[in-house]
Amino acid sequence: MSSPDTVSKTFTVATLLCLVCSIVVSTAAVVLKPIQKENQLLDRNTNILSAAGLMQEGKSVEEIFAQLETKIVDLDSGEFAENIDQELYDQRKAAKDPNTSQRLAADIDIASIKRRADYATVYLKRDPQGNLQTIILPIHGYGLWSTLYGFLALEADANTVVGLGFYEHAETPGLGGEVDNPKWKALWPGKRLYDENFEPNFRVLKGRVDPNKPGAEYQIDGLAGATLTSRGVDNLIRFWSGDHGFGPFLKQIRAQES
Ligand SMILES: Cc1cc2nc3c(=O)[nH]c(=O)nc-3n(C[C@H](O)[C@H](O)[C@H](O)COP(=O)(O)O)c2cc1C
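According to my numbering, the residues represented by the sequence shown are -15 to 242, in order.
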């Protein structure tokens, strides 16, 4: 005859079960952490390459990514910051820390990001002769429901768009989520951020771009039924192409390339 259930037995079994489960969960978290980090890095690199149209069939992401130069830029001066280790620098983390970021005044903060990191990580693609081909910039800004994080790739003129892609957002699928639609993203290559005086001039329209009207090269169609997300994309492109974003850096690039 087995002994009857007692309160102390129930507690003992429950405690042991909790202990075993917590050991399993924490061991899994520790063991899987490096794999998670590796996958996050792979995902980020895939997004960088996709925005720049550099993905190639038959070649691994690591192989193609190794051809890019990763640089840290001082956003205020627009110069490369050689004293910061790009392997360790995390721009998103830096943007939250008052010691490594600056609070943006309401009239400047058109992308609704509140704080901007002092330094940004950019990626450069050069041809075999060492000539700059593509500049890939991290961008982010608020849409309707969420902050959209992505990359914008430009040609060596620091003006003409090569491509754009968002890798994180929580806009509504079918509405604001159409920022991920390949058909919409295909409208971006060839568009220009700056006018002939190098003033930021890019706009996401409400509605469609009329290709016969002057200025069409600075405009992109808005997303149907998602004016607020479209406005968010418009705001974030204007912020990051402006004086408080990558404006000073792109000015330096233009001076070097011309
Ligand atoms: C459930 C729900 C989700 C929505 N999600 C989005 C969204 O992700 N992005 C967006 O711009 N508008 C979204 N909208 C629509 C906005 O409220 C707004 O009506 C729309 O941006 C206006 O765009 P339109 O002028 O092109 O119609 C959503 C509406 C509803 C009811």
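We put the CB at the ideal spot given by N, CA and C, even for glycine. Every value quoted in this text rests on a predicted model; they were computed, and no experiment measured them.
Here the C-alpha atom of ARG76 lies approximately 15 Å from the C-alpha atom of ASP69. Within the chosen limit of 8 Å, ligand 1 reaches the beta carbon of SER214 through at least one heavy atom. Residue burial annotation: THR(-4) is exposed, with fewer than 16 other C-beta atoms found within 10 angstroms of its C-beta.
Cβ-Cβ distances below 6 Å link LEU38 to ILE48 in the same chain, with the five nearest sequence neighbours on each side left out; the list follows chain order. Counting along the chain, VAL106 sits inside no alpha helix (DSSP H); it lies in the beta strand (DSSP E) bounded by residues 103 to 110.
Under the DSSP assignment, SER85 falls in the beta strand (DSSP E) whose first and last residues are 85 to 87.
Between HIS124 and GLY114, the C-beta gap is not smaller than 9 Å, which leaves the two residues out of contact. By the criterion of at least three beta-carbon pairs nearer than 8 Å, the stretch 27 to 38 is not in contact with the stretch -1 to 11.
The Cβ neighbour count for GLY42, taken over all protein chains shown within 10 Å, is under 16; the residue is labelled exposed.
SER225 has its alpha-carbon roughly 21 Å from the corresponding atom of THR84.
Counting along the chain, no beta strand (DSSP E) covers LYS197, and no H or E run does either. In this structure, PHE182 sits away from ASP218, with a CB-CB distance that is not shorter than 9 Å. In this structure, ligand 1 has no non-hydrogen atom nearer than 8 Å to the beta-carbon of ALA50.
The secondary-structure analysis by DSSP pairs PHE135 across a beta bridge with PRO122 and GLY149. Contact annotation: PRO232 and SER61 have beta-carbon atoms nearer than 9 Å. Per DSSP, ASP27 lies in no beta strand (DSSP E) segment; the continuous alpha helix (DSSP H) that holds it begins and ends at -9 to 35. A straight-line Cα-Cα distance of about 7 Å links GLY161 and ALA154.
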